[in-house]
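Report on the following structure.
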């Protein structure tokens, strides 16, 4: 079953880190990604640009309303995701606990509804 791990964090946190801390962060995510690949459970992943690059679209009465910026203003922003394919929720949660993002943000785990 596929699960989407949505990584939420303070997008300004990266700029507040020292170069050494940033290097450690890149290495930690690289190792995590390689572990997912080695286990054969990684379907896809990407890091997202900052929320100020977002465009929000809503259709009301047949007319599109396009707004610059994120849908909601919050302390943590959606920073990236991992899509994994594992046997069950317990396995998804075990992988989530290993993700570096769990130590500096929040990760929402949701099963994918296959169409």
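Residue numbers (this note's numbering): 1 to 115. A virtual CB, placed ideally from N, CA and C, is assigned to each residue, including glycine. If you're wondering where the values come from, they're calculated on a predicted model, not measured in any experiment.
For residue 67, does the count of other Cβ atoms within 10 angstroms reach 16, so buried, or fall short, so exposed?
exposed
In the DSSP assignment, the beta strand (DSSP E) including residue 13 goes from what residue to what residue?
Run containing residue 13: none; DSSP gives neither H nor E here.
Look up residue 78 in the DSSP assignment and give the residues it is bridged to.
8
Could you say which of 16, 115, 61 and 106 lies nearest to residue 76 if we only look at CA atoms?
106
Could you tell me the boundaries of the alpha helix (DSSP H) in which residue 26 lies?
19 to 39
Backbone CA spacing between residue 46 and residue 81 [nearest angstrom]:
6 Å
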